[in-house]
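Residue numbers (the numbering used here): 76 to 373.
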């Protein structure tokens, strides 16, 4: 299958709008929203729920009150302040296991607890997988990997050729988990200094993992000078800018209506630009089909 990941160096660049618009122009694909801390692609795609499953990924300490002799060694060893009165505060516990190591009575155990939900939806353009990580929970990269695995399984079992990934902003573990196995990355940026700075970091990440990356500049006409500067910076790094999306009031109307932009305003300037970008991106990704570097994230 062909895997295309859409990322942004920072939040608010229009990445999800781009994904929803490009999905609308496809003949059918599997969608994967890998922004597990703030998944919102489902709000736009309006799918019907197929499945909902627990995500068990948080390792937490538990003290057996019957075995505990209240020596206090666990509390002294916990650098997160998660143990008080010989009880564990699950919000503060990081699951490091230091308390278990120092306990002389083996009264401490480490247990996996539910830390999120994973959903599969049926949308007009194909199945969609997304997840919601509970506030304050860690291991978002592992949850992203699970979303990716489910999306790949759906593409294989239901005979879809393309997996389109809506990745999280930034360059951390969730972003790395989003691009593993991708044939191509589309980076969506905006014409600003922060947009350019964070785009350069994303380009460095893609080049580190030898994943081809191209760029779309959203709302370029709000600051043409910055857009031109981003183009020049991309050229110096050997990165192609595949599209320039103009500012378009129809985008906000589509967001308010919770619909993909082309479904309501197919002739709007931004919709036309996203159509051109999708044709270019999908052509380049198909040419590299199956070439993505698979990374195992534990």
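Idealized CB from N, CA, C, for every residue including glycine.
Because the structure is a prediction, the values reported are computed rather than measured.
Distance check for residue j and residue i, CA to CA, integer angstroms please.
{"i": "residue 91", "j": "residue 146", "result": "52 Å"}
{"i": "residue 348", "j": "residue 225", "result": "31 Å"}
{"i": "residue 322", "j": "residue 263", "result": "14 Å"}
{"i": "residue 168", "j": "residue 115", "result": "28 Å"}
{"i": "residue 265", "j": "residue 242", "result": "16 Å"}
{"i": "residue 130", "j": "residue 220", "result": "12 Å"}
{"i": "residue 252", "j": "residue 353", "result": "23 Å"}
{"i": "residue 290", "j": "residue 228", "result": "28 Å"}
{"i": "residue 188", "j": "residue 160", "result": "22 Å"}
{"i": "residue 205", "j": "residue 190", "result": "14 Å"}
{"i": "residue 171", "j": "residue 192", "result": "23 Å"}
{"i": "residue 178", "j": "residue 155", "result": "17 Å"}
{"i": "residue 137", "j": "residue 209", "result": "20 Å"}
{"i": "residue 320", "j": "residue 121", "result": "24 Å"}
{"i": "residue 183", "j": "residue 148", "result": "11 Å"}
On the three-state DSSP scale, how would you describe residue i?
{"i": "residue 181", "result": "coil"}
{"i": "residue 328", "result": "helix"}
{"i": "residue 253", "result": "helix"}
{"i": "residue 111", "result": "coil"}
{"i": "residue 337", "result": "helix"}
{"i": "residue 82", "result": "strand"}
{"i": "residue 373", "result": "For residue 373, the pLDDT reaches just 47, beneath the cut-off of 50, and the residue's location in the model is therefore unreliable, although a value from the coordinates is still provided. Coil at residue 373, not helix or strand."}
{"i": "residue 171", "result": "coil"}
Could you name the residues of the same chain whose beta carbon sits closer than 6 Å to that of residue i, not counting the 5 residues immediately before and after it, in chain order?
{"i": "residue 104", "result": "201, 235, 237 and 239"}
{"i": "residue 337", "result": "96, 99 and 346"}
{"i": "residue 164", "result": "157"}
{"i": "residue 150", "result": "158"}
{"i": "residue 355", "result": "317"}
{"i": "residue 212", "result": "133 and 190"}
Got a sec? Which residues, its chain only, sit under 7 Å from residue i by beta carbon, not counting five neighbours each side?
{"i": "residue 153", "result": "173 and 174"}
{"i": "residue 360", "result": "77, 79, 258 and 259"}
Apply the 10 Å Cβ neighbour rule to residue i and answer buried if 16 or more other Cβ atoms are within range, or exposed otherwise.
{"i": "residue 126", "result": "exposed"}
{"i": "residue 274", "result": "buried"}
{"i": "residue 142", "result": "exposed"}
{"i": "residue 372", "result": "Note on residue 372: pLDDT 47, under 50, position unreliable in the model; no value is reported."}
{"i": "residue 196", "result": "buried"}
{"i": "residue 194", "result": "buried"}
{"i": "residue 218", "result": "buried"}
{"i": "residue 82", "result": "buried"}
{"i": "residue 162", "result": "exposed"}
{"i": "residue 279", "result": "exposed"}
{"i": "residue 84", "result": "buried"}
{"i": "residue 180", "result": "exposed"}
{"i": "residue 166", "result": "exposed"}
{"i": "residue 223", "result": "buried"}
Along the alpha helix (DSSP H) that carries residue i, what are the first and last residues, could you check?
{"i": "residue 350", "result": "344-362"}
{"i": "residue 279", "result": "268-283"}
{"i": "residue 223", "result": "215-232"}
{"i": "residue 299", "result": "299-311"}
{"i": "residue 90", "result": "90-99"}
{"i": "residue 148", "result": "148-152"}
{"i": "residue 118", "result": "116-120"}
Between which two residues does the beta strand (DSSP E) holding residue i run?
{"i": "residue 260", "result": "259-264"}
{"i": "residue 142", "result": "Counting along the chain, residue 142 falls outside any beta strand (DSSP E), and DSSP gives it neither H nor E."}
{"i": "residue 288", "result": "288-293"}
{"i": "residue 205", "result": "201-208"}
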